[in-house]
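Beneath this line is the structure, given in structure tokens, with notes to follow.
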Amino acid sequence: MRKQNEPIIHAGELRHRAVFLQKLVQVKSGVSTTQWLTAFTRWCKVEPLSGREFWQAAAVNRENEVHFTVRYRNDVLPAMRMLMDGKLYDITSVLDVDNRHVKLELLARSVTDGQTAT
206 MRKQNEPIIH AGELRHRAVF LQKLVQVKSG VSTTQWLTAF TRWCKVEPLS
256 GREFWQAAAV NRENEVHFTV RYRNDVLPAM RMLMDGKLYD ITSVLDVDNR
306 HVKLELLARS VTDGQTAT
């Protein structure tokens, strides 16, 4: 039974499929190589920043941020990336809403430097 005022996520809101990528750095003979490997996939809700959030983000040159909502998972880290619809996003923050382990709100910045996921 759901407790009163407990945050819920309706399945219909989670209609975008995102692949979460984890960085793997290998060092051989003093040369490091970086790979982004698939950690898991999740359904998510995608929202652009609201007007006020957009202008606050633009003030610190972060206007390409997107807000994602996913079901709770304890292994989502800010060091990860997301791949969705061919676009890469660096996760900048992970918030467990009300610390209830129901959903995570993620802020992510689109990667525009030509880096690709492998």
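Position in the sequence shown counted from 1, then plus 205, gives you our numbering.
Built from N, CA and C at the ideal position, the CB exists for glycine as well.
Let me check understanding here. Comparing Cα to Cα, which of ARG220, ASN304 and GLU270 lies closest to ILE296?
GLU270
Of the residues THR317, GLY217 and MET285, which one's Cα is nearest the Cα of THR246?
MET285
Roughly how far, in whole angstroms, is the beta-carbon of LEU226 from the beta-carbon of TRP248, given that I think they are within contact range, below 8 Å?
LEU226 to TRP248, Cβ: 16 Å. No contact.
Please identify the residue among ASN304, VAL275, LYS308 and THR317 whose C-alpha is closest to the C-alpha of VAL224.
VAL275
Please report the distance separating the alpha-carbon of GLY235 from that of LYS228.
18 Å
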